[in-house]
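Student: Numbering (this note's numbering), first residue to last: 105 to 518. I am attaching a structure below and will ask some questions about it afterwards.
Below you can see the structure in the form of structure tokens.
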């Protein structure tokens with residue numbers, strides 16, 4: 105069971121911050137790729153958006169480091185809520201204001217020009233990148249502070265189950281509101297949650313201190329330093345690839361699910377929640393045992409299961425249905441989540457011995473820069489290559505599966 109302490113403690117503060125953002129992510133950012141798809145942003149546009157997000161994330165990291173050293177945590181946390189609302193507001197402005205790039209006219213006809221598509225990808229991508237940089241970097245920093253000597257797997261498991269439960273509440277609510285045309289209600293609800301959470305966390309004792317010891321980042325991590333990073337653990341190759349996989353899972357796989365449920369937001373929300381319940385039950389059985397198992401063997405098995413999850417994704421399309429579809433989705437969900445548990449255990453174990461904050465920032469720089477460049481190239485290619493985008497989406501999963509074997513290079517020993 106998850107017994108959450110008061111926000112007056114560091115652990116309680118972390119979980120209340122995490123819970124508020126998980127709920128907010130479920131309301132709209134989770135639906136971002138599928139909502140924009142319905143508004144005329146095709147796979148090329150989505151790829152460009154992801155590319156801009158990655159480069160914006162990397163650009164924002166230097167600003168995050170300066171603020172993390174100088175600001176009390178409460179100001180940095182408040183900024184994460186403000187940036188999340190800015191993301192939702194930018195989506196609303198570009199999709200709901202008459203004449204905007206992705207506005208759907210009353211007759212329902214979609215006619216998005218290449219210029220409009222690129223403009224929308226640029227604006228929303230930048231907002232998404234800055235929000236992700238401040239939220240995820242703050243979240244990972246706070247998580248590092250929760251770790252004991254040998255409980256990374258259990259702590260990450262608790263963290264993942266907690267996120268899953270709160271996130272799915274947001275997804276159910278967000279899917280229902282989007283299906284009934286309630287984006288304005290989502291904006292109002294997000295603003296209310298952000299303001300209330302920010303004010304509450306600002307009054308708690310942990311928020312009065314910087315999120316990191318200023319000495320820890322006395323020498324800031326830069327893009328050049330990150331690009332020059334080498335170690336004997338295979339970190340560089342894995343970091344360069346990991347951002348691609350995170351966005352394939354969060355954006356492109358979500359879009360595949362959306363197409364399989366006939367582009368219905370409510371059905372997508374229900375499908376994700378059903379899968380989450382099965383995932384939570386299986387994950388609970390695993391997360392308390394992973395710290396006691398042969399770590400190397402568990403990690404290798406998790407990578408091979410991750411490969412299997414991508415190959416299973418390739419076998420599914422809009423014609424898939426029935427029990428075989430749900431069995432495949434359950435396997436995909438569990439294999440991917442089990443891999444993330446094993447990978448994050450290894451990452452945070454290595455981070456604790458390699459100068460945790462520097463290692464975390466190096467990963468962020470490498471993964472986001474390579475992610476940005478890769479998806480900008482993919483987006484540009486899809487703009488000029490005449491290929492059905494639903495077919496292109498499906499065939500992305502084959503090279504992803506093969507590339508996933510690069511995780512086998514990641515070692516927790518020098």
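Even for Gly, the Cβ is constructed at its ideal location relative to N, Cα and C.
1) Out of curiosity, what's the CA-to-CA distance linking residue 270 and residue 119?
2) Let's see if you can read the secondary structure: which residues bound the alpha helix (DSSP H) around residue 421?
3) In angstroms, rounded to a whole number, what distance separates the CA positions of residue 169 and residue 321?
4) Would you mind reading off the limits of the alpha helix (DSSP H) that contains residue 519?
5) Whose CA, out of 356, 445, 452, lies closest to the CA of residue 138?
6) If you compare alpha carbons, which of 381, 475, 324 is closest to residue 156?
7) Cα separation between residue 503 and residue 449?
8) Kindly indicate which three-state DSSP category residue 467 falls into: helix, strand or coil?
9) Compare the beta carbon distance of residue 510 and residue 330 with 8 Å and say whether it is the shorter of the two.
10) Given a threshold of 16 other Cβ atoms within 10 Å of its Cβ, counted over all protein chains shown, does residue 288 qualify as buried or as exposed?
11) Would residue 337 and residue 453 be called neighbours here (beta carbons separated by less than 8 Å)?
12) Who are the near neighbours of residue 232 in its chain, counting only those whose CB is closer than 6 Å to its CB and skipping five residues on each side?
13) Would you mind giving the Cβ-Cβ distance between residue 164 and residue 234, rounded to the nearest angstrom? I have them listed as a contact below 8 Å.
14) What does the alpha-carbon distance come out to for the pair residue 114 and residue 377?
15) May I ask which residues mark the beginning and end of the alpha helix (DSSP H) holding residue 453?
16) When burial is assigned at 16 or more other CB atoms within 10 Å of the CB, is residue 426 buried or exposed?
17) Can you tell me the Cβ-Cβ gap for residue 486 and residue 496, rounded? I've got them flagged as a contact below 8 Å.
18) With DSSP run on the structure shown, which of helix, strand or coil describes residue 479?
19) Using a 10 Å radius around the Cβ and a threshold of 16 neighbouring Cβ atoms, would you call residue 215 buried or exposed?
20) Could you tell me which whole alpha helix (DSSP H) segments of length 4 or greater appear in the region 282-332?
21) Hey, quick one: how far does the alpha helix (DSSP H) through residue 348 stretch, first residue to last?
22) Relative to the C-alpha of residue 373, which residue among 124, 121, 131 is closest?
23) Among 243, 176, 140, whose alpha-carbon lies nearest the alpha-carbon of residue 200?
24) To the nearest angstrom, how far is the alpha carbon of residue 148 from that of residue 390?
25) What residue range does the alpha helix (DSSP H) around residue 151 cover?
26) Need the endpoints of the alpha helix (DSSP H) that residue 178 sits in, please.
27) Once you ignore the five residues that flank residue 347 on each side, which residues in its own chain have a CB closer than 7 Å to its CB?
Tutor: So, from the listed chains and residues:
1) 11 Å
2) Segment: none, residue 421 is in no alpha helix (DSSP H) and carries neither H nor E.
3) 7 Å
4) This structure cannot speak to residue 519, because the chain is shown only from 105 to 518.
5) 356
6) 475
7) 25 Å
8) helix
9) no
10) exposed
11) no
12) 157, 191
13) 5 Å
14) 29 Å
15) 426-457
16) exposed
17) 7 Å
18) helix
19) exposed
20) 287-306, 327-331
21) 339-351
22) 131
23) 140
24) 38 Å
25) 147-174
26) 177-200
27) 158, 471, 472, 474, 475
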